[in-house]
Every structure is written in C-alpha cells, then in structure tokens.
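At position 388 of the sequence shown (counting the first as 1) the number is 378 in our numbering, and the numbers step up by one without a gap.
All C-beta atoms in this analysis are idealised placements derived from N, C-alpha and C, irrespective of residue type, glycine included.
From a predicted model like this one, the values you see are computed outputs, not experimental measurements.
Data block below; observations after.
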Amino acid sequence: MNNIEGRIKIEMLSNPKAGLSVEIQSNRPVHASQIMIGKTPEQVLDLLPLMFSVCGIAQARGSLNAIMQQLNIPTTLAQEKAREMLVIAETAREHLFRIFMDWPQLFDSPRNNQLFPFITSLTKRMSEALFKSGNAFKLNSELQVNQSQLNQLISEIEQQLSTHVFQCPVEQWLSFRSIEEVTLWAKSNDCITATSLQSILKNNWHDQGYQLSSALPELDFEKLAERLRHTSAKQFIAQPDWDGRLYETTPLTRQLNHPLIQNLQHGYGNTLITRWVARLVELAIIPQQLRQILDDINQTDDDPFEPTPHHGIAQIEAARGRLIHHVEIEHGQLTQYQILAPTEWNFHPKGLIQQSLSHIQSFDKQEIEHIARLLINAIDPCVGYDLRVH
-9 MNNIEGRIKI EMLSNPKAGL SVEIQSNRPV HASQIMIGKT PEQVLDLLPL MFSVCGIAQA
51 RGSLNAIMQQ LNIPTTLAQE KAREMLVIAE TAREHLFRIF MDWPQLFDSP RNNQLFPFIT
111 SLTKRMSEAL FKSGNAFKLN SELQVNQSQL NQLISEIEQQ LSTHVFQCPV EQWLSFRSIE
171 EVTLWAKSND CITATSLQSI LKNNWHDQGY QLSSALPELD FEKLAERLRH TSAKQFIAQP
231 DWDGRLYETT PLTRQLNHPL IQNLQHGYGN TLITRWVARL VELAIIPQQL RQILDDINQT
291 DDDPFEPTPH HGIAQIEAAR GRLIHHVEIE HGQLTQYQIL APTEWNFHPK GLIQQSLSHI
351 QSFDKQEIEH IARLLINAID PCVGYDLRVH
C-alpha cells in the first residue's frame, strides 16, 4: 500500500506597493483514512504503518488509543508511558532528519552523514527495549522493559546531541537564556545548527515572518466529538478552526514556557529566530524527558490506566504538532475513522504559514524565496511542498 502524502502548493506574489500576497493550496488526501471503514480494529492497526511514512509511531499511538477508548479496553499506566517514550523518540528522529538533511541544503553547507545510522535505527531500538518483540501498538502488546538497554540508548541520544548538534554538553546549551548567549555559541562552533543561526543573524533574517497566531488550546473531548460527527466534519478536517479562530500547533507552542523561548518571544515575537531555536530547545530536553518517563514507568509498574470510554478520540503531540484520531466501532468493525493532522492547522490557507510568509520584509525575489523556505522548514509540513515566488 502506498503511503498517504500529497503536496502543498504555495504561491507568493511580490508587489512593491501592496507587499506580499500568499496563496496556500493543499491536495493532501485528508480523508484517506475512510478506507479503514468496515475493517476490524486489528486490521486497522496492521494497515496503519503501511499508510504513513512520516510520524508513523504517533499515528499508530493515536489509532490504538482511539480504538481502546471506543472499546473501553483498559491498559496500564506503564504501557502508556512507554508509548509516550516512543513518540518522543520519533520526535527526536524527525527533528534530526530536518537538521541534517534539510539545513545543509538551505545554507549551502556540506552534509554530515555520520548520524544517519543512529537516526534511522532510533525508534526500532527503543521499541525493542520497551515491548515484547518490539510490538508496541497492538491490542495485545506486552510491556517488556530492558532497563540497561534504555539507559544506554538515552545516554547515546544525549551524547550524539552533544557531539553533532550542539558541540557542547546538552545541559550547558539548555542553560542559555538570551540571544547574546545563543549568538556567542553560534559564532564559536561550526556544526550545521550553529552555522544556520550565524547565517540567519548575519543576514538580519531573525525577525522575519512575524505573525500573531496563538497556540492551539486544550480541546474538549465532547465538543471535539461533536465537530467530528457534524455534517461539516470534512471541512473541519481539511481546514480546521476552533470557536471560529485559527491556531498553530508546533514545537514552538510546546516550548513557550522555556526561559530562552520566552525571552526570544519578548524580544522578537513569533519570528524565524524564535522558531529556529524552539526546535533546538525541544531536541535538547528530550534526554531528560526520556529519563523522567522511564523513572515513572519503574514506579507505576502495573498501575491501571482507564481510557475515557466511548469518545473514541485520541490527541497526541507528534513531532510537528497535535495529531487527532477519531474512530467509531460497531459489531467489531469500524464505522468511522477520521484523522486531523497538525499540518491542516499550520498550513491552513488563512493560518500560520500564510500570515508568516506574508510578513517577509524584502523586495528581492531570491531573498524572499530563501526566507520563505526557512520559515516553511521551521513550521514543517508533514509532506512536500512546491513554492513559487512571482
């Protein structure tokens, strides 16, 4: 089965008098999950990994959680924590792919391929250290925690980040609180993360792409279920809003409470520099997140986790933002399956990316395109895109 992708088309028209106009179109097959209707939960969980090449773990967790909620199947808190660890590991993998695959091309720098074997094997190794046979997303998954392997893997993640991403201890990088500290670090190192920031600052692009979008709030399960069952559900999934407002759900919105991001927001708002650094902050805190969750697993052991019954809705924080799955099941078969991905919030025709690109301050088409590609990468769609600047 081919994976579900599609593309996003972005057209930008530069007018010296009227400024930039931006048009966003998507041909993403956002309702392709309907092919799951009529299948059993077990069949759905087998098929899902074949459908998604990006954020497949978050998709699998969303599907399993929604199904277990709908069927009111209990699990343990330790299992839920273990699956959370896998989603976080996938987030690390996705961020690392963007940094080491995309950023060298964006800044005309040589690509460092040393980390790719580690990146590509990360989630598989963690699955095998947490679940029997590595099967984390089945109705009959069995937790089988290998403490020593997990400790070793988390230490390896931290070491790789310190060596290849930050060129200093992760904790040292996380101690930065100001743009001056970040700038000094960037000037003192030659890794792609440092050289990318050097280029953004040198070209005075740090405050490009300013916009005022707000973080997607907590979504009430009852109200969300009502929206997904309404006759307008297809429109909601394709171009979502909440109470008539558009929101963003990105690594930046997850890191709003970090002191460095708060200071960058205070100084520059939601601009390129704030978004660029937010991804690095999120990546840097992942080792400590994983250690904390592993400690929680050891303490909770067989404590029961009771899913919210009957809603059939899961909300998962995936690498690019909040992912929502909704299922309805009757007589052992799915009668409804809907997926709302973060890309639909962030690349809404009138939403985050449209506002951000519209506020690029330049009259040079080549520079506009370069800045646009940086902003798109920072916000990060889960599919490819085509950009044209006229």
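| Asked | Found |
| --- | --- |
| Contacting residues, own chain, Cβ-Cβ under 7 Å from residue 323 (five flanking each side not counted) | 28, 29, 30 |
| Cβ-based burial, residue 113 [other Cβ within 10 Å; buried from 16] | buried |
| Spatial distance of residue 48 from residue 55 (CA atoms) | 10 Å |
| Rounded C-alpha distance that separates residue -7 from residue 7 | Note that residue -7 has pLDDT 44, beneath the 50 cutoff, so the model's placement of it is unreliable and no number is given. |
| Euclidean distance between Cα positions of residue 174 and residue 164 | 14 Å |
| Whether residue -3 touches residue 376 by CB criterion (8 Å) | yes |
| Closest Cα partner of residue 83 within the set 105, 156, 70, 205 | 105 |
| Stretch pair the stretch 128 to 146 + the stretch 259 to 274: three plus CB contacts closer than 8 Å | no |
| Status (buried if at least 16 other CB within 10 Å, exposed otherwise) for residue 349 | buried |
| Three-way DSSP call (helix, strand, coil) for residue 294 in this model | strand |
| Cβ pair residue 294, residue 64 closer than 8 Å | yes |
| Cβ-Cβ distance between residue 209 and residue 195 below 8 Å | no |
| Three-state secondary structure (DSSP) of residue 219 | helix |
| Beta strand (DSSP E) segments (min. 3 residues) lying fully within the stretch 240 to 312 | 303 to 308 |
| Of the residues 5, 15, 23, the one placed nearest residue 339, counting alpha carbons only | 15 |
| Anticipated Cβ contact below 8 Å, residue 334 with residue 230, distance rounded | 5 Å |
| Inter-residue spacing [alpha-carbon to alpha-carbon] between residue 97 and residue 360 | 9 Å |
| CA nearest to the CA of residue 101, picked from 180, 35, 236 | 180 |
| Any 3 or more C-beta pairs closer than 8 Å across the stretch 205 to 225 and the stretch 176 to 192 | no |
| Residue 219 versus residue 62: straight-line alpha-carbon distance, rounded | 20 Å |
| Among 161, 321, 222, 241, nearest to residue 60 - alpha-carbon criterion | 321 |
| Check whether residue 318 and residue 341 have beta carbons under 8 Å apart | no |
| Residue 351 versus residue 379: straight-line alpha-carbon distance, rounded | 14 Å |
| Beta-carbon contacts of residue -9 that lie in its chain and below 8 Å, excluding the five residues immediately before and after | With a pLDDT of 40 at residue -9, under the threshold of 50, the modelled position of this residue cannot be trusted; read the value that follows with caution. Cβ within range, chain order: 37, 40, 41. |
| Euclidean distance between Cα positions of residue -1 and residue 373 | 11 Å |
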